[in-house]
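Read through the structure below, which is laid out as structure tokens, and then see the notes.
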């Protein structure tokens with residue numbers, strides 16, 4: 001059995017179940033408690049769990065994220081909400097020097113079992129400083145794990161895996177996905193955990209592979225439908241789900257099957273997840289390619305405020321279809 | 001710069017309960033610990049200059065009473081963390097000279113298996129959460145240690161050490177605000193040696209008189225401590241630690257001290273920003289080890305002869321640690337990917353999913 005639920009509620013269900021399962025789990029962040037969460041992901045949790053388990057912090061990212069990292073070294077398992085992942089810059093030292101490096105620098109003596117979660121996306125017309133998409137950035141720091149769920153079921157399952165993980169895991173959600181609906185397995189049917197590092201074939205196809213993560217998966221699925229209806233092209237959609245660890249085998253399998261690939265990534269063109277995936281494909285499946293690898297990314301400019309332009313900066317189904325047609 | 005309390009009337013803290021409870025052996029042990037730190041560091045300097053170690057070497061020489069005095073108050077539930085000048089805290093919590101020297105030599109037998117170096121000693125089994133390389137980056141972590149203790153319902157406190165340069169970082173101020181707001185049992189210890197690297201306190205802190213007084217902005221207790229007086233360090237730190245343990249109230253302690261060498265060996269002479277007279281004055285009049293030695297001899301606890309024996313033993317121990325480090329194997333290159341992820345170091349189902357590393 002499964003139920004239809006919103007992405008934000010699927011994450012909340014994951015948090016609630018993990019709060020129940022492990023008394024060391026604590027939710028922290030700006031407005032997560034009394035305000036019920038800036039995006040209502042944590043709505044109702046404070047009422048249910050109280051001040052000890054659901055903690056409102058000051059607007060003080062370096063302070064409270066560092067505090068979570070310190071507490072995690074003593075065995076607390078904090079789940080820290082970043083109201084926007086764009087605010088990572090305020091706490092960058094804690095995120096990349098302490099969370100990522102302590103295990104290595106201590107020769108494996110210290111673990112940092114912490115989760116950082118919150119929305120990382122453009123497309124909400126909030127200007128450049130609030131629209132960063134840093135999953136590729138953080139995946140570039142060894143010691144960190146990064147995932148970006150596209151559906152409610154994956155959001156719940158990945159969140160549960162992240163909380164149980166003994167390494168720091170950064171979960172990149174998406175403001176524009178919080179209100180999307182999808183099927184989520186019923187808790188009565190067992191623990192729904194989606195392991196980190198396992199991609200998901202969201203749509204089978206034979207002519208071209210669209211490889212995406214996060215909200216771009218929805219764009220890719222829509223583009224695949226258009227390609228089938230308007231151009232008789234059968235597109236396969238692979239959802240990476242997890243950026244690091246990365247399901248390289250699934251990437252290579254779809255490329256070997258379709259021999260053509262378009263990567264869809266909300267990151268900017270320079271660097272980013274799709275740049276890495278492209279490199280892996282050319283290195284490990286070059287002989288299987290019948291056409292150059294193409295990418296649809298956000299354009300290399302800070303986010304435009306006006307929605308008329310910002311929408312053109314981001315990947316969208318039309319841009320994906322156009323790109324596919326250049327190599328199909 | 002001279003210790004801020006040099007001009008104030010000297011109080012004798014020997015009579016405080018926490019010091020009265022010290023046996024003669026305890027007092028000698030404090031002496032031994034300070035001497036071991038100094039001899040260890042002198043040996044490390046010698047072999048650094050001989051090209052045996054890489055990176056930076058931030059020496060603690062001159063400041064020994066701070067780490068030894070405060071850490072001597074720790075019980076089983078108390079935790080501590082510091083920045084990159086971390087050798088003294090490591091030895092004071094009971095780490096061996098061998099594992100510390102081997103780490104400096106980058107050997108597999110080092111406390112961090114040669115992955116940390118001078119700035120990154122760790123011993124979580126001794127509640128020592130390490131040396132950290134970024135100025136003030138450890139201050140939120142220390143807050144988290146205190147938070148973790150309170151969350152778990154343990155009666156203990158966290159000691160978080162930093163230099164005077166750290167007080168101008170945002171992370172420090174954010175930590176103080178949260179510590180006071182959440183009533184976290186943490187004691188922030190500013191080891192004020194007068195210089196943020198090569199920039200004097202006068203040239204780096206707008207409020208020059210007293211750094212700990214900044215705690216008032218966060219409705220937090222604070223105190224100023226003369227670091228050359230071990231009795232005073234213990235008496236005042238004990239008050240702060242008891243406040244943390246029993247009332248979950250944080251404190252900022254500023255302990256005035258001095259480093260004889262530069263910020264790191266990179267400015268070995270440290271003459272660009274301070275005079276030889278200043279350094280000599282501290283060595284002559286404020287050296288914590290000399291003062292403690294004199295005090296214990298006055299009390300009849302220590303003799304010149306036994307002090308010399310302790311010193312000789314510390315020198316021998318340091319020399320032996322150098323030999324241990326020299327003879328220890330280097331880490332294997334095959335260990336390059338170990339200790340990045342818990343998962344890949346442990347044979348679990350999850351460790352087999354996805355690719356964690358991306359090298360050719």
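Chains as they are written, first to last, in full-length UniProt numbering: chain B, 1 to 328; chain D, 1 to 360.
Where is the CB? At the ideal position from N, CA and C, for every residue including glycine.
Straight-line measurement puts the Cα of residue 252 of chain B at about 56 Å from the Cα of residue 218 of chain D. For residue 116 of chain B, the closest of B:101, B:260 and B:78 by C-alpha to C-alpha distance is B:78.
In the DSSP annotation of this structure, residue 335 of chain D is not part of any beta strand (DSSP E), being labelled neither H nor E. Taking all protein chains in view, the Cβ of residue 357 of chain D is surrounded by fewer than 16 other Cβ atoms within 10 Å, so the residue is classified as exposed. By the beta-carbon neighbour count (other beta carbons within 10 angstroms, threshold 16), residue 305 of chain B is exposed. Burial state of residue 330 of chain D is exposed, judged by a 10 Å Cβ sphere holding fewer than 16 other Cβ atoms. The continuous beta strand (DSSP E) containing residue 192 of chain D extends over residues 186 to 192. Going by beta carbons, residue 230 of chain D and residue 21 of chain D fall outside the 8 Å limit. Setting aside the 5 residues that flank it on each side, residue 155 of chain B is surrounded in the same chain by 7, 10, 11 and 149, each with a C-beta closer than 6 Å to its C-beta; the list follows chain order. Secondary structure at residue 17 of chain D: helix, using DSSP grouped into helix, strand and coil. Annotation for residue 353 of chain D: no residue places its beta carbon closer than 8 Å to its own, counting only its chain and skipping 5 residues before and after. Excluding five sequence positions before and after residue 94 of chain B, the CB atoms of its chain that fall closer than 7 Å to its own CB belong to 62, 65, 66 and 69, given in chain order. A residue is called buried once 16 or more other Cβ atoms fall within 10 Å of its Cβ, and residue 221 of chain D is buried on that count. Within chain B, the residues 57, 58, 60, 63, 64 and 67 have their CB atoms less than 9 Å from the CB of residue 178 of chain D, given in chain order.
No Cβ-Cβ contact shorter than 8 Å links residue 193 of chain B with residue 172 of chain B. Note on residue 133 of chain B: 16 or more other CB atoms within 10 angstroms of its CB, so buried under the neighbour-count rule. Between residue 158 of chain D and the set D:165, D:148 and D:233, the nearest pair of CA atoms involves D:148.
Within the DSSP secondary-structure output, residue 268 of chain B pairs in a beta bridge with B:298.
The stretch 227 to 271 of chain B contains, as complete beta strand (DSSP E) runs of 3+ residues, the segments 235 to 239, 242 to 244 and 261 to 268 (chain order).
Non-local beta-carbon contacts of residue 69 of chain D in its own chain, meaning distances under 6 Å to residues more than five positions away in sequence, involve 230, 233 and 234 in chain order. For a Cβ distance threshold of 7 Å, nothing in chain D lies close to residue 15 of chain B: the least Cβ distance comes to about 17 Å. Here residue 237 of chain B is not near residue 263 of chain B, since their CB atoms are 8 Å or more apart. Against residue 113 of chain D, the close residues of chain B are 107, in the order they occur along the chain (beta-carbon pairs closer than 7 Å). Residues of chain B with a Cβ closer than 9 Å to the Cβ of residue 122 of chain D are, in chain order, 102, 105, 106, 107, 109 and 110.
In this structure, the beta-carbon distance from residue 183 of chain B to residue 2 of chain B falls below 8 Å.
The beta-carbon distance between residue 325 of chain D and residue 101 of chain D, rounded to whole angstroms, is 4 Å. This is short enough to meet the 8 Å contact definition.
DSSP links residue 255 of chain D through a beta bridge to D:191 and D:225. Nearest in C-alpha terms to residue 192 of chain D, of all of D:209, D:277, D:180 and D:176, is D:209. A direct Cα-Cα distance of roughly 14 Å separates residue 272 of chain B from residue 294 of chain B. Between residue 34 of chain D and the set D:62, D:150 and D:13, the nearest pair of CA atoms involves D:62. Between residue 238 of chain D and residue 73 of chain D a beta carbon distance of about 5 Å is seen, short of the 8 Å cut, so the two are scored as contacting. Assignment of residue 78 of chain D by DSSP, reduced to helix, strand and coil, places it in the coil class. A direct Cα-Cα distance of roughly 11 Å separates residue 313 of chain D from residue 40 of chain D.
With the rule of 3 Cβ pairs closer than 8 Å, the stretch 304 to 322 of chain B does not count as touching the stretch 275 to 283 of chain B. As a beta-bridge residue in DSSP terms, residue 117 of chain B pairs with B:81 and B:171.
For residue 89 of chain B, no Cβ of chain D is located within less than 8 Å of the residue's own Cβ.
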